[in-house]
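Protein chains in written order, with our numbering: chain A, 5 to 323; chain B, 5 to 323. Just so you know, even glycine gets a beta-carbon here, dropped at the ideal spot from N, CA and C. None of these values were measured; they are calculated from a predicted model. Following: one structure in structure tokens, then a few remarks.
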């Protein structure tokens, strides 16, 4: 039985490799703070919080919740051209949160670290009616001073994305409607994969503009458009998606494609030559271009249909 | 009116110096993560969460809540022999949380950074019924590889504390009982000061064992005793406290002194010579010694009275 914070720390320290077996020169869980030796490197530092019934349901299973809480930070780091070094976890739990829940949650977090890097080095557990998980991450760059930023889009650049768009949103939709199919989409929602490899490749190919796609294309592309002070034109017909989504959404498809979040893909922007080096390996799909630096508009166009869509991206203030 | 996360970021970016004016080589709020240039230094990384009605009441004022949320992390860093470089803030707020509340909260955080170091470089805002604030910090060491750790207490060492003990707890007690006096104690609770200067001095004097006093002497000394595998003997009559506390607590005084939390003082442990160097400057008071490394007992003694106290420290699992 876990009755105290000490027992909690003992429990997680003894049971999870990525807490127990940190590098020799580091200090992890069990003191006031963690010490991370990253001699002579930029440190990339971010955080992300998830709240019960806002970002997840307990019915999704805490292993998925733990996994996603880490992956969302690994994805933020990938969106910077960095990889995870260490995480701290602040956990708000109530008396209904069982030892099994803790175990599943940390299994999910540990597994995500095993798969995509980083160690769990500290945190805090507090009492909270609604469960929340707030994770912070620090990461390193692949190459000193080489980052993927939002304010580096230039007129003439092309816009590309990794993977298929709308998968996680479709999975969430299928789960909420209790549909029996759409296994791949549900997996994308419950166990998303951050694009570590593609981030590294982007840096290697000299790409300097990009971000992770967590709040939907419309919302996230607007961020790049505003931050770089350019307009962006997207060809709706080029957005890569699984044909299953046609069945799921019918006439709402394009609206869903540009608004659904949590895909954890990457948006990468650069000159055609750099972007093409990556698309040869089928890692990315070109979906649009940067067209004007006098305005900050985001235009969705279709050569096949005359569509203009004004759906909103995911915003926690609006939920 | 703040209606979106973007407006929220704009608002805090434009209004607070410690967000706006970060060093030139850094990247702060507005991208996926923050980039902190700490070339060739150990990075110290910690986090702390506070939940409404568990750690604070909205009636305490959000300026105090913001201040304390940063100070608790600055104090954790001081307890490691480090000073703050950067913070990320994950905020859970509901629709009742006004623009004025946000402003007060960030004023408190900004002021704490101005007073005791660090920049606010990122974070996340999510929807939550109960307000919560989860802050992560990274810090640097004053001296490479010189830290204050919990597992370095040796038999023969003396135990010292900075400042006066029980002040914050007394302030909270006075606030809860709506007592009109005890202004100094209320200030200690609402606007505690992390012991940055004393932490630096401890490192300078070669002290390697210590922690910040956040959960009360009994709880925190037990952590050192367990971590160092030694027994600790505390002379109750030596614990420094403001005589006002006699009036406030009457017969419960000693129990309160060893159990009340949030003082954000430092516990420092070392040989008499090193500790005395600091106590000459009136920075610390010796309250006990390390007596045995076969057991991990914590003994509170009084030469004047025959007291044995078994109160519990602050534990969020127990709340």
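| Item | Value |
| --- | --- |
| Can you list the residues of chain B that residue 142 (chain A) reaches, using a CB-CB cut of under 7 Å? | 47, 49 and 142 |
| Which residue marks the beginning of the beta strand (DSSP E) containing residue 305 (chain B), and which one marks its end? | 302 to 305 |
| Can the beta-carbon of residue 38 (chain B) be found less than 9 Å from the beta-carbon of residue 48 (chain A)? | yes |
| So, for residue 257 (chain A): in the same chain, excluding its five sequence neighbours on each side, which residues have a beta-carbon less than 7 Å away from its beta-carbon? | 249 and 250 |
| Please classify residue 293 (chain B): does DSSP put it in a helix, a strand, or coil? | strand |
| Throw me the rounded Cβ distance for the residue 1 (chain B) and residue 283 (chain B) pair, which I believe falls under 8 Å. | No statement about residue 1 (chain B) is possible, as the shown extent of chain B runs from 5 to 323 and does not include it. |
| What would DSSP say about residue 60 (chain B), mapped onto helix, strand or coil? | strand |
| I believe residue 174 (chain A) touches residue 252 (chain A) by the beta-carbon criterion, under 8 Å. Please report the beta-carbon distance rounded to the nearest angstrom. | 6 Å |
| Please tell me whether residue 261 (chain B) and residue 221 (chain B) are closer than 9 Å, where the distance is taken between their beta carbons. | yes |
| Going straight from the alpha carbon of residue 166 (chain B) to that of residue 138 (chain B), what length do you get? | 27 Å |
| So is residue 124 (chain A) buried or exposed if we call it buried at 16+ other beta carbons inside 10 Å? | buried |
| Pick from A:136, A:267 and A:301: whose alpha carbon is nearest that of residue 80 (chain A)? | A:267 |
| List the whole-angstrom C-beta distance separating residue 112 (chain B) from residue 143 (chain B), where the pair is believed to meet the contact cut-off of C-beta under 8 Å. | The pair is not a contact, with the Cβ atoms about 19 Å apart (cut-off 8 Å). |
| Can you check DSSP and say which residues form a bridge with residue 216 (chain B)? | B:270 |
| Go through the segment 198 to 242 of chain A residue by residue and report every complete run of the beta strand (DSSP E) that reaches 3 residues or more, in order. | 213 to 217 and 235 to 239 |
| Would residue 145 (chain A) be called buried (16 or more neighbouring beta carbons within 10 Å of its own) or exposed? | buried |
| In chain order, what residues of the same chain lie with their CB nearer than 8 Å to the CB of residue 51 (chain A), ignoring the 5 residues before and after it? | 77, 138, 139, 140 and 141 |
| Show which residues of chain A have a CB atom less than 9 Å away from the CB atom of residue 165 (chain B). | Neighbours of residue 165 (chain B) on chain A: none; closest Cβ ~15 Å, over 9 Å. |
| Closer than 8 Å, Cβ to any Cβ of chain B: which residues of the segment 50 to 64 of chain A, in chain order? | 50, 51, 52, 53, 54, 55, 58 and 59 |
| Taking all protein chains shown into account, do 16 or more other C-beta atoms lie within 10 angstroms of the C-beta of residue 317 (chain B), making it buried, or fewer, making it exposed? | Residue confidence is low: residue 317 (chain B) scores 34 on pLDDT, short of 50, so the model does not pin down where it sits. No coordinate-derived value is stated. |
| Can you list, in chain order, the residues of the segment 90 to 111 of chain B whose Cβ is nearer than 7 Å to any Cβ on chain A? | 90, 92, 94 and 96 |
| Where do the ends of the alpha helix (DSSP H) carrying residue 258 (chain B) lie? | 257 to 263 |
| Which partner residues of residue 153 (chain B) appear in the DSSP bridge assignment? | B:213 |
| Might you give, ordered along the chain, the residues of its own chain that have their beta carbon closer than 8 Å to the beta carbon of residue 227 (chain B), omitting 5 neighbours on each side? | 154 and 215 |
| Show which residues of chain B have a CB atom less than 8 Å away from the CB atom of residue 128 (chain A). | 51, 52, 53 and 138 |
| State buried or exposed for residue 299 (chain B), treating a residue as buried only when at least 16 other CB atoms are found within 10 Å of its CB. | exposed |
| Between the Cα of residue 202 (chain B) and those of B:264, B:92 and B:289, spot the shortest distance and give me the residue it belongs to. | B:289 |
| Here's the rule I'm using: 16 or more other beta-carbon atoms within 10 Å means buried, otherwise exposed. How should residue 232 (chain A) be labelled? | buried |
| Is it right to say residue 160 (chain A) is buried, meaning 16 or more other beta carbons lie within 10 angstroms of its own, or is it exposed? | exposed |
| Tell me, to the nearest whole angstrom, how far the beta carbon of residue 205 (chain A) is from that of residue 287 (chain A); I am working on the premise that it is less than 8 Å. | 7 Å |
| Give me the Cα-Cα distance between residue 95 (chain A) and residue 129 (chain A), rounded to the nearest whole angstrom. | 5 Å |
| Return no unless some Cβ of chain B is closer than 9 Å to the Cβ of residue 145 (chain A). | yes |
| So is residue 205 (chain B) in contact with chain A if we call contact Cβ pairs under 9 Å? | no |
| Roughly how many angstroms separate the alpha carbons of residue 196 (chain B) and residue 217 (chain B), rounded to a whole number? | 12 Å |
| What residues in its chain sit with their C-beta under 7 Å from that of residue 315 (chain A), if we drop five residues either side in the sequence? | For residue 315 (chain A), the pLDDT reaches just 38, beneath the cut-off of 50, and the residue's location in the model is therefore unreliable, although a value from the coordinates is still provided. Taken in chain order, the residues that qualify are 222, 259, 262 and 263. |
| How far does the alpha helix (DSSP H) with residue 119 (chain B) in it reach, from first residue to last? | 103 to 120 |
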